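Colleague: For the sequence shown, UniProt numbering gives the first residue as 1, with consecutive numbering after it.
Glycine is no exception: its CB is placed at the ideal position from the N, C-alpha and C atoms.
Please read these numbers as outputs of a predicted model, since none were measured by experiment.
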Amino acid sequence: TLFRSLAVLYSTPKEHLPMERLCKLIYDTEETANNRKKMTKQLTKLNKKIQVGGFKKQGIQNTRYKGYKLHPQLLPYIGELFT
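In structure tokens:
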């Protein structure tokens, strides 16, 4: 699921994805309290892995009332995973 989360965020580089849409795209279901909790854990894990990989900034940016998106400087590196 981490890889799928990364793929979804990578596929919409200029767009903030609200939690509701992330749950729909990743879990193929509506947003519930349980899915929201799982998604938050996934994004936290992913951010930690990105930082362990040497990226000092927050890799997944969370903008209040807008949603989540990847830091623009990460896009070229993540693109290599999908090619």
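What do you get for Gly-59, buried or exposed, if any count of 16 or more other CB atoms within 10 angstroms of its CB means buried?
Modeller: Translated into positions along the sequence shown, residue 59 becomes position 59. Gly-59 should be labelled buried.
Colleague: Can you check which of these residues, Lys-41, Phe-3, Glu-80, Glu-15, is closest to His-71 by C-alpha distance?
Modeller: In the sequence shown, counting from the first residue as 1, residue 71 sits at position 71. Closest option to His-71, judged by alpha-carbon separation, among Lys-41, Phe-3, Glu-80, Glu-15: Glu-15.
Colleague: Are the CB atoms of Lys-69 and Leu-9 within a distance shorter than 8 Å?
Modeller: Numbered from its first residue, the sequence shown carries residue 9 at position 9. Numbered from its first residue, the sequence shown carries residue 69 at position 69. The answer is yes: Cβ separation under 8 Å.
Colleague: Output the boundary residues of the beta strand (DSSP E) element that contains Gln-61.
Modeller: Here residue 61 is taken as the residue at index 61 of the sequence shown, counted from 1. 60-63 is the extent of the beta strand (DSSP E) around Gln-61.
Colleague: Examine the Cβ distances between the region 44-51 and the region 24-32 and report whether three or more of them are shorter than 8 Å.
Modeller: Contact fails: fewer than three Cβ-Cβ distances are below 8 Å.
Colleague: Can you tell me whether Gln-73 is buried or exposed? The criterion is at least 16 other CB atoms within 10 Å of its CB, across all chains shown.
Modeller: Here residue 73 is taken as the residue at index 73 of the sequence shown, counted from 1. Burial call: exposed.
Colleague: So, is the C-beta of Thr-63 closer than 8 Å to a C-beta in chain B?
Modeller: Absence of chain B from the displayed structure is noted, only one protein chain being present.
Colleague: Is the CB-CB distance between Thr-1 and Gln-61 below 8 Å?
Modeller: For this step, residue 1 is matched to residue 1 along the sequence shown. For this step, residue 61 is matched to residue 61 along the sequence shown. Between Thr-1 and Gln-61, the gap from beta carbon to beta carbon reaches 8 Å or more.
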